[in-house]
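Notes follow the structure.
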Amino acid sequence: FLRSDFYMRLRDLESALQDVRSFDTALQKMELEQYPTSPHLAARMVYTAATNFDDIDGKNVVDLGTGTGILALGCVLMGADSVLGIDADADALEIARENIEELIGSEGPLDLLLCDVATLRTRETVTAATIVGDCEVDAVGCRAAPERRVDTVIMNPPFGTRNKGIDVLFLEKAIAMRPKAIYSLHKSSTRNFLLEKARRDWNVES
53 FLRSDFYMRL
63 RDLESALQDV
73 RSFDTALQKM
83 ELEQYPTSPH
93 LAARMVYTAA
103 TNFDDIDGKN
113 VVDLGTGTGI
123 LALGCVLMGA
133 DSVLGIDADA
143 DALEIARENI
153 EELIGSEGPL
163 DLLLCDVATL
173 RTRETVTAAT
183 IVGDCEVDAV
193 GCRAAPERRV
203 DTVIMNPPFG
213 TRNKGIDVLF
223 LEKAIAMRPK
233 AIYSLHKSST
243 RNFLLEKARR
253 DWNVES
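The numbering of the sequence shown is the numbering used here, which starts it at 53 and goes up by one.
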């Protein structure tokens, strides 16, 4: 895997992410609220984090609920030093593994971890080998690198329409990693609630 010294243009990033395979309809698990992130949205989310706030290039990134890996792959393409994608669904991670092979190759700086985010025992420095107790490292392989501090968390979590409060739980797990920045997609109807909770309960600027 070769990194570029220059940012991809937004349209090139979106074009690259068009090749990322999404959930197979037959395997999509509605109880997990597996709604795909479009290449258009993923590209803009990652590109903004990278170019407006310098939170991707050269950073250690965690993608909670990575699904088939579109946000994680976007971060790699925008120069992340390492990316760890975590998901509870083995079928989704199988697709993510195939996407990694197709887009960046298995030697790229992206590890996958099969684990329910709700069971994560988070810590400030993580690798796929150390982040959680008995969760299974996916077959993409963990390169057992030294522990790295989490710089950025990026995610499109479940919205909580089927499992009330799961969106808040994802945010709590992200905050517990003490990253510099968290990028998370949520329903517009929960915006005011989450902004107030972030300020009042988590002492987080948003």
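No residue lacks a Cβ here, since even glycine has one placed at the ideal position from N, Cα and C. Keep in mind that this is a model prediction, so the values were computed, not measured.
Here residue 219 carries a helix assignment [DSSP, helix/strand/coil]. In the displayed model, residue 244 falls within a helix according to three-state DSSP. Residue environment: residue 145 is assigned as buried (16 or more neighbouring CB atoms within 10 Å of its CB, all protein chains considered). When secondary structure is reduced to three states using DSSP, residue 234 falls in the strand class. Fully enclosed alpha helix (DSSP H) runs of no fewer than 4 residues occupy 91-103, 122-129 and 142-155 of the stretch 88-160, in order along the chain. Contact check for residue 204 and residue 161: beta-carbon distance about 14 Å, past the 8 Å limit, so the pair fails to qualify. Burial of residue 136 is indicated by the presence of at least 16 other C-beta atoms within 10 angstroms of its C-beta. Between the alpha carbons of residue 129 and residue 245 lies a distance of about 33 Å. Of all alpha-carbon atoms in 165, 104 and 121, the one lying nearest the alpha-carbon of residue 68 is that of 121. Residue environment: residue 226 is assigned as buried (16 or more neighbouring CB atoms within 10 Å of its CB, all protein chains considered). Between the C-alpha atoms of residue 233 and residue 115 there is a straight-line separation of about 12 Å.
When rounded, the separation of the alpha-carbon atoms in residue 152 and residue 71 is 11 Å.
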